[in-house]
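Quick note, in my numbering, the sequence shown goes up one by one and the last residue is 369.
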Amino acid sequence: MVVFEGGRPAGDVDGWLSEVRGKMAAELALKGLGCGAFSEVLLVGDRRIEADSRVRKVDSSHYRPFHFGKALSRVLKEKAIGGFCYFSGGSASLYTEADLAKLAITVEKAQGGIVANNAYSADFFGCSTNAPFMTEDLPDQDNCLPIYLADRGRAKTVPLPYSPEASFDVDTPTDAIILSMSGRCGDVIEKAVLKGPPGLPEGRFRHCVRRIRRTRELMHREFSDITLMGRVGPAAVIELNRLTRCRYRLFSEERGMRSFGRDEEGTARTFIAGMMKLMGVKEALEFMMSQTECLLFDDRVLFAAAGLKPRAEDRYLCDLMAWELLPEGMLRDLAKAAFEVEGVCLGGHSLVNSGAVVLAGQA
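And the structure:
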């Protein structure tokens, strides 16, 4: 079992989220030790993370410049690892020890196929052999690695059946807030999340937490009107309809955007960007909210369509609606409008997929 969690924080919110993910990675590693399916558990990273003494730590601070594919290949070679399961530090937080043991069996049965939680955008994956990874020709991101190898005929992909446990990944402050409300993350992680990042405008983090709680309340009320906009997947919609009796408005756009490079190529397109251009950012959100009680907005599609590549800290400040701390431009305008228009929640891919399902599944 190989868990990667690293990267130097670029700001206060990034530092807080990195601390949360570090605790998640340590807890996941502990579950890996306890499940009995792995001969060894490695935690790979470039910063100090407190973990069980039985976890083998690998310092990646000298892997410069950091390239995920090369780093994974290097770890597998240097540590003489054959078959393995890889996890990003923010993934599989809802997995139990039994889930991990079942995953290991599935990987073994796949006979060299790459078992992934999502074939097109993987947060974790496993393979019974390291052979496909013993090359320099690997992508620099984990999400696209399984499909990259499959497209080149070096391994088949074996996607896991959809479940929020397999799909939920903490990449944003909103994801962390949802995890803290799940009742399934442990006290240490919950406390780390709910202390919030330093430096935000007074009460802003609590304001965002209240909005997510309000969303959860709406999902558990019959015939609430809820809108999801962004990379909404059909599997999540099926689960939402199974778990709730709400009316959903769905605007699904640019699924697979990152895996297919549409965000890098500047070819991403989105409906809401046109609305905002015609009406104004706040006016577009006000119009959306006139049709619904809650808007879960995966705004990464909007950023890509606008040709923006904001740094992580600015994305996170936007998620938390801390517009006062953002420079002039779209992110500031969006964060300010979202703060002023009640019912809007900002985030990334998980917010409109497994994150929404996790909220819906909480009694």
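Backbone N, C-alpha and C fix where the C-beta goes; we use that ideal spot for every residue, glycine too.
Owing to the predicted nature of the structure, the values given are computational and were not obtained by experimental measurement.
Tyr254 carries a strand assignment under DSSP once its states are collapsed to helix, strand and coil.
According to the DSSP secondary-structure assignment, Lys63 is paired through a beta bridge with Leu49. About 36 Å separates the beta carbon of Leu291 from that of Val194, a gap too long to meet the 8 Å contact definition.
When DSSP states are grouped into helix, strand and coil, Phe174 belongs to the coil group.
One alpha carbon belongs to Asp58, the other to Glu11, and they sit about 15 Å apart.
Within the model, the alpha-carbon separation for Leu249 versus Asp304 is close to 21 Å. Cα atoms of Glu299 and Ile232: separation of roughly 6 Å, rounded to the nearest angstrom. Positions of the beta strand (DSSP E) runs, each at least 3 residues long and wholly inside the segment 290 to 368, are given as 300 to 304 and 350 to 353 in order along the chain.
Contact between Val307 and Asp339 is ruled out by a C-beta separation of about 16 Å, above the 8 Å threshold. Residue range Phe74 to Glu84 is occupied by the alpha helix (DSSP H) that includes Ser79, with no beta strand (DSSP E) assigned at that position. Rounded to the nearest whole angstrom, the CA to CA distance from Glu208 to Leu166 is 42 Å. In this structure, Val199 and Val26 form a Cβ contact; the two beta carbons are roughly 6 Å apart against a cut-off of 8 Å. Straight-line spacing of the CA atoms in Arg251 and Gly132 works out to 36 Å. For Asp177 against Ser360, the beta-carbon gap comes to about 11 Å, at or over 8 Å, which does not count as contact. Taking 7 Å as the cut-off, the beta carbon of Ala341 is found closer than this to the beta carbon of Cys324.
With fewer than 16 other beta carbons inside 10 angstroms of its own, Glu56 counts as exposed.
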